[in-house]
Amino acid sequence: MDHVTRFNESIDESVTTAVRSFGDTSERIRVALLAAEQASRRQAELANRAKDVFLATLSHEMRTPLNAIVGWLAILRLGHSSSSQLHEGLQAIERNTKAQVQLIEDILDVSRIVSGKLRIDVQPCALIEVITAGVDAVRPAAEARGIAITLRLDEAANRAFCDPTRVQ
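Residue numbers for the sequence shown, in the working numbering: 776 to 943.
Given below as structure tokens:
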């Protein structure tokens, strides 16, 4: 009988040790899962905040050219504009329409990058021409804000392989 009692005690002790070990392991796993869940939640909250900041910035950037367009249209509709005001208004409308189109293209490019569908047409190009065209495209908007753009380009670095439209 003594052997049976010791055997039972040994089994009880082994089961108790195994249950404790299982409990300790389960607790470690629970703590690790909780930490991972909290880290994921923090990352999701940061991503959500970044999205909110992006959307706020985007809406502001999209409203700016629209406000100028609507403002000039209201002025021109009054019919009291001189030919120079008409010319200035039409230039502002054109410039801000182009800025709006560029914003939309930039948004579409971001979407294409995210989806892996951005197409790049790499070809030999003259960088000076591409850069000059890009600067010429933004020069009216810069000048309207009192910003002067000066280019200093190195002729030796003129030849490259790039997507001229994207670089511009």
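Ideal Cβ placement from N, Cα and C applies to all residues, glycine included.
Quantities reported herein were computed from a predicted structural model and do not represent experimental measurements.
Distance, Ser857 Cα to Val905 Cα:
37 Å
For Ala935, which three-state DSSP category applies?
Annotated three-state conformation of Ala935 is strand, per DSSP.
How many angstroms separate the CA atom of Ala901 from the CA atom of Leu853?
46 Å
Nearest-angstrom Cα distance between Ser789 and Ala807?
As the crow flies, the alpha-carbon of Ser789 is around 27 Å from that of Ala807.
Can you tell me the Cα-Cα spacing of Ile804 and Ile786, whole angstroms?
26 Å
Asn871 and Pro899 look like a contact to me (Cβ under 8 Å); what is the Cβ gap, rounded to whole Å?
Beta-carbon to beta-carbon, Asn871 and Pro899 are separated by about 34 Å, too far to satisfy the 8 Å threshold.
Just the C-alpha distance for Asp827 and Val794, rounded to the nearest angstrom, thanks.
Inter-residue distance for Asp827 and Val794 is about 48 Å (C-alpha atoms, whole angstroms).
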